Structures are given as C-alpha cells and as structure tokens.
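K.L.:
Residue numbers (the working numbering), protein chains in the order written: chain E, 1 to 280; chain Z, 281 to 560.
Don't be surprised by glycine CBs; every beta carbon is placed ideally from N, CA and C.
All figures in this text were calculated on a predicted structure; none of them were measured in a lab.
First the structure, then my questions, so here it is.
Protein chains: 2
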Amino acid sequence: MNARPIAVFDSGLGGLSVIRHLRQVLPQENLVYFGDTARVPYGTKSRPTVIHFALETAGFLLRTEPKLIVAACNTASALAMDELAAELPVPVIGVVEPGARSAVRLAQGRPIAVIGTEATVSSGAYERAIRALAPEQLVISRACPLFVPLVEEGWDSNHPIVKLAVEEYLTPLRAQGVHVIVLGCTHYPLLRDAIASDVGPDVQIVDSGRETSLAVQRHLREHDSLCQDGTTGSMHCYVSDNPALFRRVGSRFLDESVEHVELVEIERYVNVPRLPSASS
Amino acid sequence: MNARPIAVFDSGLGGLSVIRHLRQVLPQENLVYFGDTARVPYGTKSRPTVIHFALETAGFLLRTEPKLIVAACNTASALAMDELAAELPVPVIGVVEPGARSAVRLAQGRPIAVIGTEATVSSGAYERAIRALAPEQLVISRACPLFVPLVEEGWDSNHPIVKLAVEEYLTPLRAQGVHVIVLGCTHYPLLRDAIASDVGPDVQIVDSGRETSLAVQRHLREHDSLCQDGTTGSMHCYVSDNPALFRRVGSRFLDESVEHVELVEIERYVNVPRLPSASS
C-alpha cells in the first residue's frame, strides 16, 4: 500500500491519453502530470535536446515525491530512457517497451509496423525493443509528421484531409503485409478509426499508452506499491504554458474534463540541478 | 556607411525566407540569423511565453553587435514588438507593420484577409496595424495551423493534401470577397502557388517578408547606415537545435544553400539577464 502519486510527463497534452488508461486500470492511484507545453513538440528535435528537456520535465515532478515516473512521451521514451533511468531516483517506465512487447505477442512472427514522430522513428528504439524480444522479427517504421498537427487542429477520423494523410503514410506499410501496427505516439489513438479503416480488419492495432498502463499495474503489484485505500485517486496537472488551451484540448485525450491545471513558470524548472553526467 | 550586421531572428527556419529577400534587396549587408529551433514553434504558444522566448532569442543576437534587429517571426512581431522595442538597445523592425502597410496600399478600401498562426491571428496585431493606417478597413483573419507542418513535411503546392488544406482554410475568405491576402507567416510563401490558384488572379498576395526587407532598406537609407563597401555581404546562422536539419530544410526557404550554421547550447542564451521590466 503506497499512496504516493504516479508522476506522468509528456512534451504536451498527448500523454493525457496514457492518463486515461491509468485512470481505468488503476482508479485508486493518485496521478500528477506535467506537460511541457512551452517547448512542445519534442518529436521534431534532436536527441541531446530531447534528453535535456525530458530530464528537466521529469526532474520537476520529483517535487511531488512520486513512487514511479511514467515517460508518456514516445519521443522521450525512445531517445532518453537510459538517461532518465540513470538520473532519476525512482523507477521509470516508458511507453516503448510495453508497446513493443504487445506487438511481438500479437504478431507471432508476422511483420510489425511502427508509426511515430520523426525523432522516435529515427531513433530505432521500437525496432531495438522488438528485436530484443524476437531477434528475427521484421519491423517496418514510418514517421507520420502530420498526424500530431491534424489531431491538434481538432480534425477527426472522418475529415477528408485526415483520411488522405492516413492513406499517404500507410499505403507503403499495407503493401508490405504488416500484421500489427504500433501507435508509437500518444496523439495517434485519436486517429485510430481512420487508421483501422485504412489498414483493414486483419491488422491489429497496438496502443502503447494502453500497454504502458498495464505495465505500471504489473510493476506496482510486484513491488507491493498499489494504492488501495478504497477511494478514487486524485489528479493534478502542471503545464509550462497555456493552461486554458491544455484544459480545452486535453479533454479530448482524457475523455473527461481536465481539472486542476497549474502553470509552472519556465524559470522554475529549466536548469534544475542535475548530476554532472546528465549535462550535454 | 555601417558594416555592422543586420541581425534576424525567428522561432525556427521560416525567417530564412526574410533573409532571402534581404539578400536580394541589400546584397552588400552582413547578416546574422538565429533560429530558436529547440523551442519552435512559437505560433501555438501564449503571449507571455512568446515574449519571454523572443527577448532571449533577440538578446543572444546582441553579442554580434548588430546595427538593427529584424523580428522575422510573425508571431514574435505580433505578440512581442512593444517589449522588443523597449528592451533592445538597437532599432527593431518586425514583419507585421510592413505587411499591413502594403496590404492597405493594394486594397484601396476593399477587404483584406490575413492568414497566420493561431497566436498571430488571436493577437489581432495585423488588424490593429491595418486600422492604424485605414480606420474603416474591413479585415478578415484566419489561422491556418496546418500550413507550417505541411511546408516542413516538404509537400509543395501540387500535393493533393496541400490543395485540400488550402481550400479548407481559404474558402470562407473567398466567400467574403477579399481583394488582398497577407501571408502572415514566414512559411506561407512556400505555399504561394496553391494559395494563388485557390483565391484566383483577382486577389493580390502580400508577402510580409518581402515588404520587411524593403522597410529595412528604407530605415538604413534614412539613417545613413547602409553597408556599401562593394563586396557581397557575409551570412552566419545560429540555431538552438539540429543544425543539420536546419541546413537541409533551410535551403528551400533561402533558395540557396545554407552555409555556416552554428549550434548554440540552450544554456548559453536562456535566462539572459534582462531589465526588470521584461520579466514576466
């Protein structure tokens, strides 16, 4: 029994789709969230910058004394996982490994496609995680840079531009006979219907955020750290910019209204003191 | 005669389209450029954050001892012009006023449309600048959030998704009989053909970047500060992230290859000491 919060961070508001799954799977847990909305997105930036930002963003959350930190951002999970694990004094769970594990289980040796941001795909992190579990596995990756702006524009799976963009990015994957497609970005579940309709009913879709919430549950259970006090857990969000926008757009990711959003002045968390090994 | 550089800043690489015009109009001037690629974009962020970032980015350029600073970023020009003018010890020219001036001249009282980022459009800066010159002028504004990602994806005016997005955003403007359309974002000139084809030959297009280069020329001439040493001016670029990407994608904006790109570690320019009135 451990009532300390689970701390979740993301480059922006996409990680709220991971929070949504955590609320379903672990309704009694207290959750804190930090979206680095002043510097979003991470997915177009370089590895050193993503590592730097991820350490600062996660570092801020240490003030809430969490029992566990979740890197809900696929880009941060793909590029900064080693550094986060080395620097943070609490366990860290990213979204890449749980997504990869589920994909391998479902694929049973047939081709897997991974879609994500430019940075996530270039990093090769999903391929490495998949091949660590299934060395012979064929993995095809594709960056879909327009998906995040399309979701943030508020256009859904029925919008003709969304359909056309999904077709543009996924046609090459269909041609290669993929059996499983991993949504390697927290925004992509909001385009799930368009993706499913494009790839057809024979292709299984893995939502890394959903798999991560199950991995968190397993971790807490194994470490006897679940919060089971019989009450619904609390939730508190921090953002580095624009709490009103976060509240408005975030509800689409969370599937409930977003309450308790607090602005963190950027000066409060940049240049957080870090161990010497973390400086780039 | 003044050989000190003209310093140009932008949230990312879009401002290179302003550099391109400066090179044409003022080929003997020495130019320095700073793209804040670690924190790009500014166009989705709040006013206090844009002011903060713009002051830091422009503040860094003071080290090059410029004779003039150009805020090539429409968002920074729209949201932070007063603060930049108050804090910086050299003259600052933004892109909004020159774009507005040209639009008023061309419109001759007929409706003007302004397109730009969410932040630029919400700020109302173009409307204010236009109405300061022509109080009765009808101005219609429209944010086109997908245009920047479409340009950065490398899709040009012939791509079907670009055509569809242009149609989606501009149809309401056409219905209102606009006579002039202002490209209020440095990325938009790269979609000029698609925009021109959608609005038709009777609508005149104003490129704020082009107008700004002419305003810079006028300012230097009036202050007897032109560089006229008979040689072609130098150019040096700084970025806060990913110089290789900047070099590759930037050439499309500059219309020549981008040489001399230097990475500035973010620690070197964040929290630059500022006057007390600038702290948010």
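#1: Assign R192 (chain E) to one of three DSSP states: helix, strand, or coil.
#2: So V376 (chain Z) packs on Y406 (chain Z), CB below 8 Å; how close in whole Å?
#3: Can you give me, in chain order, the residues of the stretch 191-215 of chain E that have a beta carbon less than 9 Å from any beta carbon in chain Z?
#4: Going by the CB atoms, is the gap between L450 (chain Z) and V419 (chain Z) shorter than 8 Å?
#5: In chain Z, what lies closer than 7 Å to D241 (chain E) by C-beta?
#6: So, do the stretch 356-371 of chain Z and the stretch 306-313 of chain Z have three or more beta carbon pairs nearer to each other than 8 Å?
#7: Could you spell out the range, first to last residue, of the alpha helix (DSSP H) harbouring S102 (chain E)?
#8: Rounded C-beta distance between V18 (chain E) and T232 (chain E)? I'm assuming under 8 Å.
#9: Among E:L16, E:L84, E:I6 and E:H219, whose alpha-carbon lies nearest the alpha-carbon of V249 (chain E)?
#10: Would you decide whether A351 (chain Z) is buried or exposed? Buried here means 16 or more other CB atoms lie within 10 Å of its CB.
#11: Keeping to the same chain, check which residues put their C-beta closer than 6 Å to that of A3 (chain E); ignore five residues upstream and five downstream.
#12: Could you check whether the Cβ of P160 (chain E) sits closer than 8 Å to any Cβ belonging to chain Z?
#13: Is the Cβ-Cβ distance between P583 (chain Z) and E398 (chain Z) less than 8 Å?
#14: At least one CB of chain E closer than 8 Å to the CB of E448 (chain Z): is that the case?
#15: I115 (chain E) and Y42 (chain E) look like a contact to me (Cβ under 8 Å); what is the Cβ gap, rounded to whole Å?
#16: Could you compute how far the alpha carbon of A132 (chain E) sits from the alpha carbon of E265 (chain E)?
#17: For L517 (chain Z) and Q204 (chain E), I'd like the C-alpha separation in whole angstroms.
#18: Output, in chain order, the set of chain Z residues within a Cβ distance shorter than 8 Å of L146 (chain E).
#19: What separation, rounded to the nearest whole angstrom, lies between the Cα atoms of A76 (chain E) and A129 (chain E)?
#20: Does R343 (chain Z) have its Cβ less than 8 Å from a Cβ in chain E?
#21: Does any C-beta atom of chain E lie closer than 8 Å to the C-beta of L296 (chain Z)?
#22: With 8 Å set as the bound, which would you pick, yes or no: does the beta-carbon of S402 (chain Z) sit closer than that to a beta-carbon of chain E?
#23: Residue ranges of each beta strand (DSSP E) run of no fewer than 3 residues wholly in the stretch 203-260 of chain E, ordered along the chain?
#24: Please determine, among E:L26, E:G14, E:M1 and E:R63, the residue with the shortest C-alpha to C-alpha distance to S234 (chain E).
#25: For R319 (chain Z), return the contacting residues in chain E, with the cut-off set at a CB-CB distance below 8 Å.
#26: From V162 (chain E) to D156 (chain E), what does the alpha carbon distance come to, in whole angstroms?
#27: Within 8 Å (strictly less), CB to CB, does A334 (chain Z) reach chain E?
#28: According to the neighbour-count rule (16 or more other Cβ atoms, all chains shown, within 10 Å of its Cβ), is A103 (chain E) buried or exposed?
#29: For the beta strand (DSSP E) that contains G59 (chain E), what are its first and last residues?
#30: Whose C-beta lies closer than 6 Å to the C-beta of V182 (chain E) among residues of the same chain, with five residues either side of it excluded?
#31: Just the Cα atoms here: how many angstroms apart are G510 (chain Z) and H459 (chain Z)?
#32: When the Cα atoms are used, what is the spatial distance from I69 (chain E) to V8 (chain E)?
#33: How would you write the range of the beta strand (DSSP E) that S421 (chain Z) sits in, first residue to last?
#34: If you check the beta carbons only, do P337 (chain Z) and D316 (chain Z) fall under 8 Å apart?
#35: Please identify the residue among Z:E416, Z:P452 and Z:F533 whose C-alpha is closest to the C-alpha of L223 (chain Z).
#36: In whole angstroms, give me the CA-to-CA distance for R385 (chain Z) and A38 (chain E).
P.N.:
Answer, in terms of the structure:
#1: Of the three classes helix, strand and coil, the one that applies to R192 (chain E) here is helix, per DSSP.
#2: Right, their Cβ atoms sit about 6 Å apart.
#3: none
#4: no
#5: K325, S326 and T329
#6: no
#7: For S102 (chain E), the enclosing alpha helix (DSSP H) covers residues V96 to A107.
#8: About 18 Å; that fails the 8 Å criterion.
#9: E:L16
#10: By the 10 Å Cβ count, A351 (chain Z) comes out buried.
#11: Excluding sequence positions up to five before and after A3 (chain E), its CB lies within less than 6 Å of the CB of C227, all in the same chain and listed in chain order.
#12: yes
#13: Because chain Z here runs from 281 to 560, residue 583 (chain Z) falls outside it and cannot be looked at.
#14: Cβ-Cβ to chain E under 8 Å: yes for E448 (chain Z).
#15: In fact, because the Cβ distance is near 16 Å, the residues do not count as touching under 8 Å.
#16: 40 Å
#17: The question names Leu, but residue 517 (chain Z) is Cys in the sequence shown. Those two C-alpha atoms are separated by around 46 Å.
#18: L426, P429, L430, E433 and I441
#19: 15 Å
#20: Contact with chain E is absent for R343 (chain Z), since none of that chain's Cβ atoms lies less than 8 Å from the residue's Cβ.
#21: no
#22: no
#23: 204-207 and 235-239
#24: It is E:L26.
#25: A38 and R39
#26: When rounded, the distance between both Cα atoms is 7 Å.
#27: Any Cβ of chain E closer than 8 Å to the Cβ of A334 (chain Z) would place that residue at the interface, and such an atom is absent.
#28: buried
#29: Run containing G59 (chain E): none in the beta strand (DSSP E); it sits in the alpha helix (DSSP H), R47 to L61.
#30: G99, A103, V114 and V206
#31: About 41 Å.
#32: 6 Å
#33: Residues V419 to A423.
#34: Residue 337 (chain Z) is actually Thr in this sequence, not Pro. Yes, the pair counts as a contact, with Cβ atoms nearer than the cut-off.
#35: Residue 223 (chain Z) lies beyond the range of chain Z shown here (281 to 560); nothing can be said about it.
#36: 37 Å
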